[in-house]
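Note sheet for the following structure.
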Amino acid sequence: MKSKGKSRDAISGELIEHDVEFTVEELCRNCMLQFDHVVEFVHEGVLDPIGENDAEWRFQVSSIRRVRTALRLQRDLGVNLAGAALALELLDRIAELEGRRR
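As structure tokens, this is what we get:
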């Protein structure tokens, strides 16, 4: 249904439980990333994997949101990866403070 002059895009996706963890390969597939990009995201602090080395890395569901947000920041605003990591930290802090306020 369209309202005056505005179109609505359908949103589709999968529901994923919060306690699910992803392998590096699953994260790459879900976010359409190459392995090397995931390594860069980890080194810049965008992602915080569980595991000792990249062969054992597991990622929480929130990692998908973080990657997609970082990619949007880079694409839409021209922010470099370090800037995206900082922006994500600040967004997390804002969410934490808003949660405390409620």
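Residues 8 to 109 in the numbering used here are what the sequence shown lists, from first letter to last. Yeah, the Cβ is synthetic: ideal placement off N, Cα and C, and Gly gets one too.
query	result
Distance check for E96 and T69, CA to CA, integer angstroms please.	The displayed chain sequence assigns Ser, not Thr, to residue 69. Their Cα atoms are separated by approximately 13 Å.
What residue does the alpha helix (DSSP H) around R65 start on, and which one ends it?	Unbroken run through R65 is the beta strand (DSSP E), R65 to Q67; no alpha helix (DSSP H).
Can you tell me whether DSSP reads D99 as helix, strand or coil?	helix
Can you give me the C-alpha to C-alpha distance between L88 and E103, rounded to a whole angstrom?	22 Å
Any idea if R73 is buried or exposed, counting beta-carbon neighbours within 10 angstroms, 16 or more meaning buried?	buried
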